[in-house]
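**Student:** Below you will find the structure I want to go over with you.
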Amino acid sequence: MKLGRVEGTVVTTIQHPFYEGRKQLLVRFVEPDGSLDGDNYVLAVDVVGAGVGELVLVQDEGNSSRLILDAIPNGPVRSVIVGIVDAAFVG
Amino acid sequence: MKLGRVEGTVVTTIQHPFYEGRKQLLVRFVEPDGSLDGDNYVLAVDVVGAGVGELVLVQDEGNSSRLILDAIPNGPVRSVIVGIVDAAFVG
Amino acid sequence: MKLGRVEGTVVTTIQHPFYEGRKQLLVRFVEPDGSLDGDNYVLAVDVVGAGVGELVLVQDEGNSSRLILDAIPNGPVRSVIVGIVDAAFVG
Amino acid sequence: MKLGRVEGTVVTTIQHPFYEGRKQLLVRFVEPDGSLDGDNYVLAVDVVGAGVGELVLVQDEGNSSRLILDAIPNGPVRSVIVGIVDAAFVG
Amino acid sequence: MKLGRVEGTVVTTIQHPFYEGRKQLLVRFVEPDGSLDGDNYVLAVDVVGAGVGELVLVQDEGNSSRLILDAIPNGPVRSVIVGIVDAAFVG
Numbered sequence: 001m002k003l004g005r006v007e008g009t010v011v012t013t014i015q016h017p018f019y020e021g022r023k024q025l026l027v028r029f030v031e032p033d034g035s036l037d038g039d040n041y042v043l044a045v046d047v048v049g050a051g052v053g054e055l056v057l058v059q060d061e062g063n064s065s066r067l068i069l070d071a072i073p074n075g076p077v078r079s080v081i082v083g084i085v086d087a088a089f090v091g
Numbered sequence: 101m102k103l104g105r106v107e108g109t110v111v112t113t114i115q116h117p118f119y120e121g122r123k124q125l126l127v128r129f130v131e132p133d134g135s136l137d138g139d140n141y142v143l144a145v146d147v148v149g150a151g152v153g154e155l156v157l158v159q160d161e162g163n164s165s166r167l168i169l170d171a172i173p174n175g176p177v178r179s180v181i182v183g184i185v186d187a188a189f190v191g
Numbered sequence: 201m202k203l204g205r206v207e208g209t210v211v212t213t214i215q216h217p218f219y220e221g222r223k224q225l226l227v228r229f230v231e232p233d234g235s236l237d238g239d240n241y242v243l244a245v246d247v248v249g250a251g252v253g254e255l256v257l258v259q260d261e262g263n264s265s266r267l268i269l270d271a272i273p274n275g276p277v278r279s280v281i282v283g284i285v286d287a288a289f290v291g
Numbered sequence: 301m302k303l304g305r306v307e308g309t310v311v312t313t314i315q316h317p318f319y320e321g322r323k324q325l326l327v328r329f330v331e332p333d334g335s336l337d338g339d340n341y342v343l344a345v346d347v348v349g350a351g352v353g354e355l356v357l358v359q360d361e362g363n364s365s366r367l368i369l370d371a372i373p374n375g376p377v378r379s380v381i382v383g384i385v386d387a388a389f390v391g
Numbered sequence: 401m402k403l404g405r406v407e408g409t410v411v412t413t414i415q416h417p418f419y420e421g422r423k424q425l426l427v428r429f430v431e432p433d434g435s436l437d438g439d440n441y442v443l444a445v446d447v448v449g450a451g452v453g454e455l456v457l458v459q460d461e462g463n464s465s466r467l468i469l470d471a472i473p474n475g476p477v478r479s480v481i482v483g484i485v486d487a488a489f490v491g
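Chains as they are written, first to last, in this note's numbering: chain B, 1 to 91; chain R, 101 to 191; chain Y, 201 to 291; chain W, 301 to 391; chain H, 401 to 491.
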């Protein structure tokens with residue numbers, strides 16, 4: 001998993017029942033101290049109700065994401081926000 | 101998923117029935133504001149009728165792409181354009 | 201999928217029946233206009249009879265490659281040259 | 301697999317039974333000589349009791365990680381610390 | 401697949417029966433001419449008896465590696481040295 005910060009949302013139409021009523025958030029990957037980790041981002045399905053600016057945990061493997069969403073074997077999803085980070089301790 | 105902009109098409113012959121009648125588009129990955137995200141691109145199967153210049157949503161995992169195309173388990177495909185982006189909101 | 205240009209061949213012995221009689225080519229990834237896309241390369245199984253210098257289409261996911269080679273579930277292969285590119289149109 | 305050094309811990313809540321009682325550590329990838337390998341990191345489930353500062357071996361593929369954790373097919377996990385490195389010999 | 405040069409070995413303890421008696425080698429990825437390809441490396445299971453300094457072929461996908469090792473479905477492994485390179489011809 002990786003850490004990310006929620007940056008915003010994307011409005012689009014995906015023609016698959018899995019995405020009906022699901023929210024995808026723009027997540028920018030960050031370092032454990034919250035600073036940017038390069039400039040990579042991902043669109044991830046939100047299952048924890050994360051808001052813009054929050055530090056989150058992102059699972060970025062299809063099978064794991066389907067398990068977390070209880071969408072085995074039929075969820076066409078790779079990236080999921082699985083938790084809000086309370087704290088990161090380094091050192 | 102990632103955001104991309106359709107740049108063009110590729111004319112080729114793939115010897116597998118899955119690709120008969122399917123169109124692959126050149127998609128350049130972009131940032132949420134539409135600017136280039138490095139210079140990576142991908143050839144993705146189009147299922148939404150995207151045109152050159154349009155901002156699109158790209159699924160880039162094999163199992164998810166097969167699900168979206170209803171091509172389980174026999175679709176040899178990794179990348180699919182799954183939606184046209186109406187808007188991206190940041191911040 | 202990605203675009204590549206065939207650069208050469210590799211002579212090696214892989215101790216698995218799948219590779220008996222199969223040819224692996226050195227493919228350098230390129231941009232749609234044929235210029236180098238960084239300096240990444242891959243060794244890919246050739247199923248289309250590509251020659252050195254030709255622009256080709258490379259599938260780079262294991263399950264898709266096994267499907268294209270009709271080697272499900274027993275083909276230990278990730279990258280396959282699936283087509284020769286006739287033309288790429290940008291813009 | 302890759303080598304990494306444990307940097308710290310992350311406190312978060314993941315709403316999936318797999319993660320109850322499991323510890324995820326911040327691991328920074330390193331070169332065989334222990335120096336930083338770029339600045340990539342990963343959050344990995346610890347199964348060996350690694351401590352901060354220790355050099356560890358990280359498995360970073362979902363299916364392999366599920367096997368090592370005996371969590372087939374239901375473990376939503378991609379990265380696992382599978383061993384503490386006693387020594388790396390180069391040359 | 402990719403080309404690599406064996407750089408050394410790693411001494412560690414992985415608590416899974418698959419790794420009993422198996423040797424993992426440090427492999428640095430190289431260009432077809434033998435020069436370094438950036439500075440990426442991987443720890444790969446050796447099945448061909450490769451020695452330090454030798455040019456080898458590395459398979460870097462889990463399912464393919466399990467097939468080559470005849471460890472389906474229970475081998476927690478992603479990267480395998482599958483051959484020693486006799487020659488690479490470019491151009």
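For glycine and all other residues, C-beta sits at the position ideal for the given N, C-alpha and C.
From which residue to which residue does the alpha helix (DSSP H) around W:N363 run?
**Tutor:** For the purposes of this step, residue 363 of chain W is taken as residue 63 along the fourth sequence, with counting starting at 1. Start and end: 362-368.
**Student:** Leaving out the 5 sequence neighbours to the left and right, which residues in its chain are closer than 7 Å to R:V110 when beta-carbon positions are compared?
**Tutor:** Within the second sequence, the letter at position 10 stands for residue 110 of chain R. Hits under 7 Å: Q124, L126, L143.
**Student:** Could you round the C-beta distance between H:G483 and H:L457 to whole angstroms and report it? I think they count as a contact, below 8 Å.
**Tutor:** Indexing the fifth sequence from 1 puts residue 483 of chain H at position 83. Indexing the fifth sequence from 1 puts residue 457 of chain H at position 57. That belief holds up - the Cβ atoms of H:G483 and H:L457 are roughly 4 Å apart, short of 8 Å.
**Student:** Who are the near neighbours of W:R322 in its chain, counting only those whose CB is closer than 7 Å to its CB and skipping five residues on each side?
**Tutor:** As a working note, residue 322 of chain W is residue 22 in the fourth sequence. V345.
**Student:** Over what stretch of residues does the beta strand (DSSP E) that includes H:Q415 continue unbroken?
**Tutor:** As a working mapping, residue 415 of chain H is identified with position 15 in the fifth sequence. H:Q415 -> no beta strand (DSSP E), and no H or E assigned at all.
**Student:** Tell me the DSSP secondary structure of Y:V247 in three-state form.
**Tutor:** To locate residue 247 of chain Y, count along the third sequence from 1; it is residue 47. In this structure, Y:V247 counts as coil in the three-state DSSP scheme.
**Student:** What first and last residue would you give for the beta strand (DSSP E) that runs through H:G491?
**Tutor:** Counted from its first residue, the fifth sequence places residue 491 of chain H at position 91. It is not in any beta strand (DSSP E) - H:G491 carries neither H nor E in the DSSP assignment.
**Student:** How is B:E31 classed by DSSP in three states: helix, strand or coil?
**Tutor:** Counted from its first residue, the first sequence places residue 31 of chain B at position 31. Of the three classes helix, strand and coil, the one that applies to B:E31 here is coil, per DSSP.
**Student:** Going by C-alpha distance, which of R:A188, R:V190, R:E161, R:D170 is nearest R:M101?
**Tutor:** In the second sequence, the residue the question calls residue 101 of chain R occupies position 1. Of the listed residues, the one whose Cα sits closest to R:M101 is R:E161.
**Student:** With DSSP as the reference, label W:R305 as helix, strand or coil.
**Tutor:** Numbered from its first residue, the fourth sequence carries residue 305 of chain W at position 5. Strand.
**Student:** Tell me where the beta strand (DSSP E) around H:V456 begins and ends.
**Tutor:** Along the fifth sequence, read from residue 1 onward, the residue named residue 456 of chain H stands at position 56. Taken as a continuous stretch (DSSP letters only), the beta strand (DSSP E) holding H:V456 covers 455-459.
**Student:** Beta-carbon of B:R22 versus every beta-carbon of chain R: anything under 8 Å?
**Tutor:** Locating residue 22 of chain B in the first sequence gives position 22, counting from the first residue. So, not an interface residue.
**Student:** For B:I72, tell me which candidate among W:G391, W:D370, W:P376 has the shortest Cα-Cα distance.
**Tutor:** The count along the first sequence starts at 1 and reaches residue 72 of chain B at position 72. Closest by alpha carbon: W:P376.
**Student:** Is B:E4 buried or exposed, if buried means 16 or more other CB atoms sit within 10 Å of its CB?
**Tutor:** The residue you call residue 4 of chain B lines up with position 4 of the first sequence. The sequence given here has Gly at residue 4 of chain B, not Glu. Counting Cβ neighbours within 10 Å, B:G4 comes out buried, since at least 16 surround it.
**Student:** Output, in chain order, the set of chain B residues within a Cβ distance shorter than 9 Å of R:D133.
**Tutor:** Mapped onto the second sequence, residue 133 of chain R falls at position 33. In chain order: nothing, as chain B lies at least about 10 Å away.
**Student:** Under a CB-based cut-off of 8 Å, is W:V306 close to chain B?
**Tutor:** Counted from its first residue, the fourth sequence places residue 306 of chain W at position 6. No, no contact with chain B.
**Student:** What is the DSSP secondary structure of Y:N240, reduced to helix, strand or coil?
**Tutor:** Reading the third sequence from its first residue, position 40 is the one you call residue 240 of chain Y. Note: Y:N240 maps to strand in three-state DSSP.
**Student:** Quick one: Cα of Y:A288 to Cα of R:I181, how far?
**Tutor:** Working through the third sequence from its first residue, we reach residue 288 of chain Y at position 88. Working through the second sequence from its first residue, we reach residue 181 of chain R at position 81. Whole-angstrom Cα-Cα distance: 18 Å.
**Student:** Using beta carbons (cut-off 8 Å, strictly below), is B:G62 in contact with chain R?
**Tutor:** What you label residue 62 of chain B is simply residue 62 of the first sequence in a count that begins at 1. So yes, B:G62 belongs to the interface.
**Student:** Less than 8 Å separating the beta-carbons of W:G351 and W:V385?
**Tutor:** Reading the fourth sequence from its first residue, position 51 is the one you call residue 351 of chain W. Reading the fourth sequence from its first residue, position 85 is the one you call residue 385 of chain W. No, the Cβ-Cβ distance between W:G351 and W:V385 is not below 8 Å.
**Student:** Look up B:V80 in the DSSP assignment and say whether it is helix, strand or coil.
**Tutor:** As a first step, residue 80 of chain B is located in the first sequence; it is residue number 80 there, counting from the start. Here B:V80 sits in strand by DSSP.
**Student:** Output the distance between the C-alpha atoms of B:N74 and R:S165, rounded to the nearest integer angstrom.
**Tutor:** Taking the first residue of the first sequence as 1, we reach residue 74 of chain B at position 74. Taking the first residue of the second sequence as 1, we reach residue 165 of chain R at position 65. The straight-line gap from Cα to Cα measures roughly 11 Å.
**Student:** Consider the C-beta atom of Y:A244 and the heavy atoms of the ligand GDP; say whether any pair is separated by less than 7 Å.
**Tutor:** This structure lacks the ligand GDP, and indeed carries no ligand of any kind.
**Student:** Mark W:L336 as exposed unless 16 or more other C-beta atoms lie within 10 angstroms of its C-beta, in which case mark it buried.
**Tutor:** Position 36 of the fourth sequence holds residue 336 of chain W. The residue in question, W:L336, is exposed, as its Cβ has fewer than 16 Cβ neighbours within 10 Å.
**Student:** According to DSSP, simplified to helix, strand and coil, what is R:V152?
**Tutor:** As a working note, residue 152 of chain R is residue 52 in the second sequence. Here R:V152 sits in coil by DSSP.
**Student:** For R:V127, which residues in chain B fall below 9 Å Cβ to Cβ?
**Tutor:** Within the second sequence, the letter at position 27 stands for residue 127 of chain R. Residues of chain B passing the Cβ test: none, with the nearest at roughly 14 Å.
**Student:** Spell out whether any CB of chain H is found under 8 Å from the CB atom of W:A371.
**Tutor:** The sequence position of residue 371 of chain W within the fourth sequence is 71, counting from 1. No, its Cβ sits nowhere closer than 8 Å to a Cβ of chain H.
**Student:** Beta carbon of W:Q359, beta carbon of B:V48: below 8 Å?
**Tutor:** Mapped onto the fourth sequence, residue 359 of chain W falls at position 59. Mapped onto the first sequence, residue 48 of chain B falls at position 48. No.
**Student:** Which residues in the same chain as W:P332 place their Cβ atom closer than 7 Å to its Cβ, once the five residues preceding and following it in sequence are excluded?
**Tutor:** As a working note, residue 332 of chain W is residue 32 in the fourth sequence. The answer, listed in chain order, is L303, A388, V390.
**Student:** Pull up the distance between the alpha-carbon of R:V130 and that of R:R178, whole angstroms please.
**Tutor:** Taking the first residue of the second sequence as position 1, residue 130 of chain R is located at position 30. Taking the first residue of the second sequence as position 1, residue 178 of chain R is located at position 78. Going from the Cα of R:V130 to the Cα of R:R178 covers about 19 Å.
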